[in-house]
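Note that our numbering has the sequence shown beginning at 149, numbered continuously upward.
Backbone N, C-alpha and C define an ideal beta-carbon position, used for all residues, glycine too.
In this text the structure is predicted, and so the values were computed from the model without any measurement.
Notes for the one structure printed next.
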Amino acid sequence: MAPVPPGIRFLTSFNRDQWYRAFTFGLTFLLYTSFHLSRKPISIVKSELHKNCSHVMEAPTESSSSQQPVLHPELDCSWKPFDRNNYKQLLGAMDYSFLCAYAIGMYLSGIIGERLPIRLYLTVGMLTSGLFTCLFGLGYIYDIHSLGFYIFVQVANGLVQTTGWPSVVTCIGNWFGKGRRGLIMGLWNSHTSVGNILGSLIAGYYVSSNWGLSFIVPGVIIAAMGVICFLFLIEHPNDLRIASTQSSASSNQKLNKNWNGVNGHKDLYLQYKPGAKSWDTELLLGQESIGVCVPVQQVVVVKSEAEPSAISFMGALRIPGVVEFSLCLLFAKLVSYTFLFWLPLYITKTAHLDAKKAGDLSTLFDVGGIVGGILAGVLSDKLGKRATTCAVMLLLAAPTLYGFSMMSQFGLGPTIGMLLVCGGLVNGPYALITTAVSADLGTHKSLKGNARALSTVTAIIDGTGSVGAAVGPLLAGLLSARGWDQVFYMLMTADFLALLSYNLRNRLKFQSFFSNLILRPAFSNDLHFGLFLTHSWY
Numbered sequence: 149m150a151p152v153p154p155g156i157r158f159l160t161s162f163n164r165d166q167w168y169r170a171f172t173f174g175l176t177f178l179l180y181t182s183f184h185l186s187r188k189p190i191s192i193v194k195s196e197l198h199k200n201c202s203h204v205m206e207a208p209t210e211s212s213s214s215q216q217p218v219l220h221p222e223l224d225c226s227w228k229p230f231d232r233n234n235y236k237q238l239l240g241a242m243d244y245s246f247l248c249a250y251a252i253g254m255y256l257s258g259i260i261g262e263r264l265p266i267r268l269y270l271t272v273g274m275l276t277s278g279l280f281t282c283l284f285g286l287g288y289i290y291d292i293h294s295l296g297f298y299i300f301v302q303v304a305n306g307l308v309q310t311t312g313w314p315s316v317v318t319c320i321g322n323w324f325g326k327g328r329r330g331l332i333m334g335l336w337n338s339h340t341s342v343g344n345i346l347g348s349l350i351a352g353y354y355v356s357s358n359w360g361l362s363f364i365v366p367g368v369i370i371a372a373m374g375v376i377c378f379l380f381l382i383e384h385p386n387d388l389r390i391a392s393t394q395s396s397a398s399s400n401q402k403l404n405k406n407w408n409g410v411n412g413h414k415d416l417y418l419q420y421k422p423g424a425k426s427w428d429t430e431l432l433l434g435q436e437s438i439g440v441c442v443p444v445q446q447v448v449v450v451k452s453e454a455e456p457s458a459i460s461f462m463g464a465l466r467i468p469g470v471v472e473f474s475l476c477l478l479f480a481k482l483v484s485y486t487f488l489f490w491l492p493l494y495i496t497k498t499a500h501l502d503a504k505k506a507g508d509l510s511t512l513f514d515v516g517g518i519v520g521g522i523l524a525g526v527l528s529d530k531l532g533k534r535a536t537t538c539a540v541m542l543l544l545a546a547p548t549l550y551g552f553s554m555m556s557q558f559g560l561g562p563t564i565g566m567l568l569v570c571g572g573l574v575n576g577p578y579a580l581i582t583t584a585v586s587a588d589l590g591t592h593k594s595l596k597g598n599a600r601a602l603s604t605v606t607a608i609i610d611g612t613g614s615v616g617a618a619v620g621p622l623l624a625g626l627l628s629a630r631g632w633d634q635v636f637y638m639l640m641t642a643d644f645l646a647l648l649s650y651n652l653r654n655r656l657k658f659q660s661f662f663s664n665l666i667l668r669p670a671f672s673n674d675l676h677f678g679l680f681l682t683h684s685w686y
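Put into structure tokens, the structure is as follows:
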């Protein structure tokens, strides 16, 4: 007999639950990749909505005036209404409209998501998000120049995209326990950067020829992923076990339902076949009573313990660490989303590259973000302190941002290197807080095993972070008019504020800290960063 190939032995070494867990990991990864893929085109198309067309203007001559008219830079190149001098503020308003709607909707999304089937909730959100993403691109095809139209589409898209994050985090949290959660979540959260990279490449491919397709293609992709979500997403391992139990029970049950009428009255009887081996039947009737007919009675099953109800908004806020990490994410996400929406335009203006090359170069920030997210997860698992890991990376990120603003003026090579480093240090804490930390807090011991709080906790943390994501690009649009240096000063300030947010709880408990320090020298708390700069034991 021929030996079994090593690849087959490897595949058969995993049980069914492990295969379903890997399938859920991959499916939710692709689902949220499509969300970020559909958000990225606006940052690529900005440089096309307002173009510097001075290079096509030529002085009129006798030979050229009769053959080729002089091109007007605002009329022939830029897309109205973004052809005005305040185009940066208009583009910033579009970012703000999307992110403000996203932030407001996120607080409601987690509460709604806990009360509806995740699979259906996520499917509807992805289909409608695909619709509104395509609508933005149709503005180019149908020659729409109304600012109100584009802002409406951005607001609607921001609202429906809030269905994504609480749903996928809840699903992945249901399937994976706390063991090595930092590494698993770090790998899984790379979907954010992968989506940004794919979105940049797709939008950059069409931006110069037909920027409408830069939105329509990602919109079709996220809608198609919504259909796949409806067909294949398994919300919880218990759903699979219940379905398997019901299937086996129906196949093993050998019962015939007969309707027998007496005097016009019909009663339902169960006719047990002789010889049918049913342990329950033998226990109730005995071996000699297999052939009897037993009338079916209605049975009311009362649970001994009530099913845990969904947690309230205020109840989620009272979980230790939720407020502190929410504030930290507010400033961390402000920095990350400012890069997300303004980095291609910054590269276009400072490096004098076209929209496609600037979009391709901006993907290096997300490549660094993938490495940073995984590294943050591994370090937090090894150290057992997620707060400390975030704090160290935030501490290093601020001077790195200043270095990027300086080094980007010295050519392409230094710019590439600093983009990778900045991406890792900025997106590392952001990824860790939105995934592993949110999952830890959503399954905190104070909840006493109530896993239904995970969606609400995730929505509160990410919703607060989305407030910073809305403010950052808006401030960038206003400050960039005074110079890009002002934007980087704002980013460095936000980074330091994120670091200080970890000390909020410890300042309130300063006195109790000293009493605990005297009574118990070895003190640690995985959820709160306490006086990191002055106490090396944490």
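Practice prompt. Please determine, among 284, 301, 180, 572, the residue with the shortest C-alpha to C-alpha distance to residue 374.
Written response: 180
Worksheet item: By Cβ distance, which residues of its chain are closer than 6 Å to residue 666, with the 5 residues on each side in sequence left out?
Response: Low confidence applies to residue 666: its pLDDT is 44, below 50, so where it sits in the model is not reliable, and the reading given next is rough at best. So no residue of the chain qualifies.
Worksheet entry | Nearest-angstrom Cα separation, counted from residue 230 out to residue 687 | Within the shown structure, residues of the chain are numbered from 149 to 686, placing residue 687 beyond reach of any answer.
Item to complete: Pick helix, strand or coil for residue 167, following the three-state DSSP scheme.
Response: helix
Fill in: residue 706 to residue 150 span [Cα, whole Å]
Here the chain covers residues 149 to 686 and nothing more, so residue 706 does not appear.
Discussion item. When you compare the CB positions of residue 251 and residue 611, do they come within less than 8 Å of one another, or not?
Written reply: yes
Item to complete: Counting only the same chain and skipping the five closest in sequence on each side, list residues whose C-beta sits under 7 Å from that of residue 178.
Response: 373
Fill in: For residue 491 and residue 187, the rounded distance between their alpha carbons
14 Å
Discussion item. Distance check for residue 606 and residue 256, CA to CA, integer angstroms please.
Written reply: 11 Å
Worksheet item: Which word fits residue 462, buried or exposed, when buried means at least 16 other C-beta atoms lie within 10 angstroms of its C-beta?
Response: exposed
Item to complete: Starting from residue 529, follow the alpha helix (DSSP H) in both directions and report where the run begins and ends.
Response: 503 to 531
Fill in: CB-CB length for residue 516 against residue 568, believed under 8 Å
4 Å
Discussion item. I want to know whether the stretch 301 to 313 touches the stretch 254 to 272 - three or more CB-CB distances under 8 Å.
Written reply: yes
Fill in: Limits of the alpha helix (DSSP H) - the one that residue 562 falls within
560 to 580
Practice prompt. Using the Cα positions of residue 159 and residue 528, report the straight-line distance between them to the nearest angstrom.
Written response: 30 Å
Practice prompt. Can you tell me which of the three DSSP states residue 330 falls into?
Written response: helix
Worksheet item: Whole-angstrom Cβ separation of residue 281 and residue 305, contact assumed at under 8 Å?
Response: 6 Å
Discussion item. Mapping the DSSP letters down to three states, classify residue 153 as helix, strand or coil.
Written reply: coil
Worksheet item: Taking Cβ positions, are residue 543 and residue 645 nearer each other than 8 Å?
Response: no
Practice prompt. Measure the alpha-carbon distance for residue 364 versus residue 152 and round it to whole angstroms.
Written response: 48 Å
Worksheet item: Would residue 337 pass as a contact of residue 563 if the rule is Cβ separation under 8 Å?
Response: no
Discussion item. If distances are taken between C-alpha atoms only, which option among 279, 526, 352 comes closest to residue 577?
Written reply: 526
Discussion item. Here's the rule: buried if 16 or more other CB atoms are within 10 angstroms of the residue's CB, otherwise exposed. What is residue 208?
Written reply: Here the model assigns residue 208 a pLDDT of 46, short of 50, so the residue's position is not dependable and the matter cannot be decided.
Worksheet item: Should residue 240 be labelled buried (16 or more other beta-carbon atoms within 10 Å of its own) or exposed?
Response: buried
Practice prompt. Report the three-state DSSP secondary structure of residue 189 (helix, strand or coil).
Written response: helix
Item to complete: Can you give me the Cβ contacts of residue 323 inside the same chain, cut-off strictly under 7 Å, excluding the 5 residues immediately before and after it?
Response: 169, 172, 385
Discussion item. Any contact between the stretch 545 to 555 and the stretch 294 to 303? By contact I mean 3 or more CB pairs, one from each, below 8 Å.
Written reply: no
Worksheet item: Would residue 278 pass as a contact of residue 368 if the rule is Cβ separation under 8 Å?
Response: yes
Item to complete: Kindly indicate which three-state DSSP category residue 227 falls into: helix, strand or coil?
Response: coil
Practice prompt. Note down, one range per segment and in chain order, each alpha helix (DSSP H) of at least 4 residues found wholly within the stretch 596 to 632.
Written response: 602 to 627
Fill in: residue 191 and residue 489 closer than 8 Å at C-beta
yes
Worksheet entry | Where the alpha helix (DSSP H) containing residue 314 begins and where it ends | 312 to 323
Worksheet item: residue 366: buried (16+ other C-beta within 10 angstroms of its C-beta) or exposed?
Response: buried
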